[in-house]
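What follows is a short report on a single structure.
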Amino acid sequence: MGAVRVVSWNINSLRARLGRAQAFMARHDPDVLCLQETKVPDAEFPQLAFPGLHPTVHGQKTYNGVAILSKERPDEVRKGIPGDPVPEQTRAVAARFDDLWVLDLYVVNGQAPDSDKFAIKERWLGALRDWLTTEFDPKDPVLLVGDFNITPSDADVHDPARWAGKIHCTPEERGWLAELQAWGLTDLHKQAVPEPEHTWWDYRMGAFARGWSLRIDLALGTAPVADRLAAVTVDRDERKQGEHEEKPSDHAPLIVDLH
DNA sequence: ATGGTTGGTCGCCAA
Numbered sequence: 276m277g278a279v280r281v282v283s284w285n286i287n288s289l290r291a292r293l294g295r296a297q298a299f300m301a302r303h304d305p306d307v308l309c310l311q312e313t314k315v316p317d318a319e320f321p322q323l324a325f326p327g328l329h330p331t332v333h334g335q336k337t338y339n340g341v342a343i344l345s346k347e348r349p350d351e352v353r354k355g356i357p358g359d360p361v362p363e364q365t366r367a368v369a370a371r372f373d374d375l376w377v378l379d380l381y382v383v384n385g386q387a388p389d390s391d392k393f394a395i396k397e398r399w400l401g402a403l404r405d406w407l408t409t410e411f412d413p414k415d416p417v418l419l420v421g422d423f424n425i426t427p428s429d430a431d432v433h434d435p436a437r438w439a440g441k442i443h444c445t446p447e448e449r450g451w452l453a454e455l456q457a458w459g460l461t462d463l464h465k466q467a468v469p470e471p472e473h474t475w476w477d478y479r480m481g482a483f484a485r486g487w488s489l490r491i492d493l494a495l496g497t498a499p500v501a502d503r504l505a506a507v508t509v510d511r512d513e514r515k516q517g518e519h520e521e522k523p524s525d526h527a528p529l530i531v532d533l534h
């Protein structure tokens with residue numbers, strides 16, 4: 276397989292942002308578009324809006340939902356992860372293109388460190404790690420992209436003091452991510468640039484204009500993927516109000532280019 | 001920066 280562009284974008288409702296998604300495709304022409312928080316059941320997926328693209332969807336009403344839109348038809352597909360503590364939540368879909376596995380993930384948010392959802396976040400990431408360990412090999416090309424809802428380090432937080440101990444920024448979450456990476460995954464954005472751009476801005480308090488940002492959307496790759504890495508960029512314009520259309524998602528797309 | 005914006009739906013529900 277030659278050069279591949281894979282994009283990860285938490286779109287926060289595909290139906291609310293169909294026009295943006297189409298404009299994004301025209302602008303960036305990704306080979307593989309991984310969406311999170313599509314919030315649409317599979318039977319209602321608007322595949323007619325993406326002519327010529329193959330939809331690999333795993334969605335539900337109202338919450339969650341992931342989808343992979345690809346120029347090539349996948350050779351193999353997986354929906355959900357084994358041992359998922361919340362299997363009713365559609366948070367993972369994977370597709371293999373030749374020898375490259377692309378895992379599109381919407382990690383449990385976790386809400387707050389003292390909430391039940393925080394414990395579920397740990398268990399969900401544990402199930403993901405077990406899945407990698409049992410069904411994949413770090414010697415093969417495996418690319419994980421998505422909304423991880425974890426900042427890998429304080430460099431990924433606009434104001435580390437203000438976020439200390441808060442959801443997305445706790446030592447526990449960073450430890451779970453490190454355990455995942457210990458299987459054999461490189462943070463491709465960090466490999467590509469010394470100071471990776473952030474990807475998420477809260478809708479509230481004018482956070483985008485004030486630069487209150489986090490890097491929680493990640494691309495992690497095994498060594499064969501890291502060896503093929505050409506570039507990782509963030510389409511920050513996509514987060515701007517009125518830059519393309521009104522009503523941006525609160526996440527900007529992460530663009531991963533492989534040789 | 002500890003309030004309040006957004007989407008889908010009518011759950012104050014999740015983010």
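Just so it is clear: in the first sequence, position 17 is 292 by my numbering, and no numbers are missing. By construction, the Cβ of each residue, glycine as well, lies at the ideal position given by its N, Cα and C atoms.
Residues that residue i bridges to, as DSSP identifies them
i	result
residue 353	369
residue 408	Bridge partners of residue 408: none, in fact.
residue 311	285, 341
residue 539	There is no way to answer for residue 539, as the model of the chain reaches only from 276 to 534.
residue 380	367, 421
residue 508	530
residue 488	476
residue 496	418, 461
residue 452	Paired residue(s): none; residue 452 is not in a bridge.
residue 398	According to DSSP, residue 398 bridges with nothing at all.
residue 280	532
residue 432	489
Expected contact under 8 Å - CB spacing of residue i and residue j to nearest Å
i	j	result
residue 287	residue 525	6 Å
residue 404	residue 458	6 Å
residue 496	residue 460	6 Å
residue 285	residue 322	Residue 285 to residue 322, Cβ: 20 Å. No contact.
Under 8 Å between C-beta atoms of residue i and residue j
i	j	result
residue 534	residue 278	yes
residue 386	residue 425	no
residue 467	residue 507	yes
residue 462	residue 421	no
residue 376	residue 315	no
residue 320	residue 349	no
residue 406	residue 383	no
residue 306	residue 281	yes
residue 529	residue 492	yes
Inter-residue spacing [alpha-carbon to alpha-carbon] between residue i and residue j
i	j	result
residue 313	residue 334	7 Å
residue 490	residue 332	25 Å
residue 523	residue 401	32 Å
residue 289	residue 434	30 Å
residue 303	residue 309	13 Å
residue 343	residue 469	29 Å
residue 515	residue 291	16 Å
residue 465	residue 471	6 Å
residue 511	residue 438	22 Å
residue 359	residue 367	10 Å
Residue i CB to nearest heavy atom of the ligand NAP below 7 Å
i	result
residue 517	The ligand content of the structure shown is nil, which means the ligand NAP is not present either.
The stretch 389 to 398 contacting the stretch 344 to 355, beta-carbon criterion three pairs below 8 Å: no
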